[in-house]
Amino acid sequence: MKHEHISFKEHTMNILSLPNNIVDLIPSENMAHVVHEMVERFNYV
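Converting from the sequence shown to the numbering used here requires adding 7 to each position, the first position being numbered 1.
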């Protein structure tokens, strides 16, 4: 199949901007913070 016209989109690196700490995206009252704290308290052996 031959293409008569090929075009390219401009590429930029600023497509998505996330905070340094992804936890900042979770509201403070969300249960995920409790679960995270519980998991962090486990003794990893």
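C-beta atoms are modelled at their ideal positions from N, C-alpha and C, and glycine is treated no differently.
For residue i, three-class secondary structure by DSSP
i, result
"residue 40", "helix"
"residue 47", "helix"
"residue 13", "coil"
"residue 23", "coil"
"residue 33", "coil"
Residue i: CB within 6 Å of a non-hydrogen atom of the ligand PLP
i, result
"residue 37", "Annotation note on the ligand PLP: not contained in the displayed structure, which lists no ligands."
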